[in-house]
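Numbering (the numbering used here), first residue to last: 3 to 400.
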């Protein structure tokens, strides 16, 4: 009996130990299941990101405008460098051949107001890493890279995005652009792990960017950076066809810088180039996105204004008066006034007063069906001549 009583506690202890072992095993199994679930989720997420990269690479090979291409590149980096909890902040910098610096172009969860500097040279931290090296650059949290890009009062916006990936967009061994992605550790590790695929996407992006830039250079006037005469002719032909199809008006400005020969003879051709660039800048800054500014030749510029009559135009209501705001007359007068109010200082310190004469040609409906590209240019030229005959610094229209 004594042995029996002694064996009962031992049996109880054994049972408890077995239960403990079973419980511990269940905990281990639960932990393993959790890790497996996390691995599956991580794998699924990684597969989604990889699929996104592949699709993006295919999209980059398509013909895109430069602006759309830049957006696609930055959105791609923004998507692949974000984590579940921490959004990425990505910025794309593009080379400015006039200054030989990389200027901010577009961003993902970031804009120019958040940036410490709007541009960097290859001698500046952290872009100096690309002076000799053309490979991806990775910066961990110890290097505090975001302090080099973000204003001090904006660093908190980045939260846990303490890691950074810098990707150079290289064409013919020349860095044309740089993408900066501030991200969380998990995204950083993913990008490092799939380095070869990421490099392939960057390579495709670089080729596409090079092609877009070359295409842009082919249609731009090299001095003023507005469109050239040939591209103006092509676009006007397209707008005339569109005008005929939808019965919308289209207007054209012919703009001539007054007394430009005297300015050239007095201050030299270099100063004349400064004048041309400034007038081009003013025109571009004061027209709509849908409008097109081109250097027509010499000191003449041309502007295409789709869906614009002499007076304000609405698709639902016809214009009332020629002086109504929003029409070609009001837009031309606004340009003339802004240019007349601008002053450029010559190297000797003298102020150069600028004025322009503007002629307007317009195709409107009803009655404009037979007006073609040459007709509208001829009318704008005729009105430009009239503006000069009336003393310059004038806007004339039919």
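Glycine is no exception: its CB is placed at the ideal position from the N, C-alpha and C atoms.
Check                                                                                                                                                      : Outcome
With hydrogens ignored, establish whether the beta-carbon of residue 341 is closer than 7 Å to any heavy atom of the ligand FMN.                           : Ligands displayed in this structure: none; no statement on the ligand FMN is therefore possible.
Quick one: which unbroken beta strand (DSSP E) runs of 3-plus residues sit fully inside the segment 80 to 123? Chain order, please.                        : 91 to 98, 103 to 110
Can you look up residue 274 in the DSSP assignment and give me helix, strand or coil?                                                                      : helix
How close, in whole Å, do the beta carbons of residue 337 and residue 354 come, if the pair is a contact with beta carbons under 8 Å?                      : The pair is not a contact, with the Cβ atoms about 18 Å apart (cut-off 8 Å).
Would you kindly report the start and end of the unbroken beta strand (DSSP E) that includes residue 264?                                                  : Premise fails: residue 264 lies in the alpha helix (DSSP H), 262 to 269, not in any beta strand (DSSP E).
For my contact list, residue 228 and residue 148 are in at a C-beta cut-off of 8 Å; report their separation, rounded to the angstrom.                      : The Cβ separation is near 37 Å, so there is no contact.
Closest to residue 312 by C-alpha separation, out of 392, 297, 329, would be which residue?                                                                : 329
Take residue 72 as the anchor and find which of 153, 106, 91 has the nearest alpha-carbon.                                                                 : 106
Check the DSSP bridge columns for residue 365 and list the partner residues they point to.                                                                 : 252
Is residue 190 buried or exposed, if buried means 16 or more other CB atoms sit within 10 Å of its CB?                                                     : buried
So, at 7 Å on beta carbons, what are the nonlocal neighbours of residue 224 in its own chain, with the 5 sequence-adjacent residues on each side left out? : none
Helix, strand or coil for residue 215? Go by DSSP, reduced to three states.                                                                                : helix
Can you grab the Cα-Cα spacing for the pair residue 386 / residue 259, in whole Å?                                                                         : 11 Å
Tell me the DSSP secondary structure of residue 169 in three-state form.                                                                                   : strand
May I have a chain-ordered list of the alpha helix (DSSP H) segments no shorter than 4 residues that lie completely inside the segment 182 to 229?         : 187 to 195, 197 to 221
Tell me the rounded alpha-carbon separation between residue 324 and residue 366.                                                                           : In this prediction, residue 324 scores a pLDDT of 39, lower than 50, which makes its location untrustworthy; the coordinate-derived value is nonetheless stated afterwards. Each residue's alpha carbon lies about 13 Å from the other.
Taking DSSP as the reference, what is the three-state secondary structure of residue 150?                                                                  : helix
Could you work out which residue in 160, 344, 153, 184 is closest to residue 283 when comparing CA atoms only?                                             : 344
Below 6 Å CB to CB, which residues in the same chain sit around residue 166 once its five sequence neighbours on both sides are set aside?                 : 141, 147, 184
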